[in-house]
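Residue numbers (my numbering): 2 to 36.
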């Protein structure tokens, strides 16, 4: 399976998304950070 991981690290949250080669969302994680 081919997939892509996107990561967004901000000052308050960190978000991760995994999509397949067709752009369909496989999973999404939303984490609060210490800021």
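Even glycine gets a Cβ: it sits at the ideal position worked out from N, Cα and C.
Owing to the predicted nature of the structure, the values given are computational and were not obtained by experimental measurement.
> Is it true that the CB of residue 15 sits closer than 8 Å to the CB of residue 9?
Replying inline: Along the chain shown, read from residue 1 onward, the residue named residue 9 stands at position 8. Along the chain shown, read from residue 1 onward, the residue named residue 15 stands at position 14. Cβ atoms of residue 9 and residue 15: closer than 8 Å.
>> Counting only beta-carbon separations shorter than 8 Å, does residue 20 have a partner in chain B?
In response: No chain B appears in the structure shown, which is made up of a single protein chain.
>> Tell me which residue opens and which closes the beta strand (DSSP E) that residue 7 is part of.
In response: The count along the chain shown starts at 1 and reaches residue 7 at position 6. Unbroken beta strand (DSSP E) run through residue 7: 4-10.
>> I need the DSSP call for residue 13, collapsed to helix, strand or coil.
In response: On the chain shown, residue 13 is found 12 positions in, with the first residue counted as 1. Of the three classes helix, strand and coil, the one that applies to residue 13 here is coil, per DSSP.
>> Only counting the same chain, and skipping five residues up and downstream in sequence, which positions put a Cβ closer than 6 Å to that of residue 7?
In response: The residue you call residue 7 lines up with position 6 of the chain shown. Hits under 6 Å: 18.
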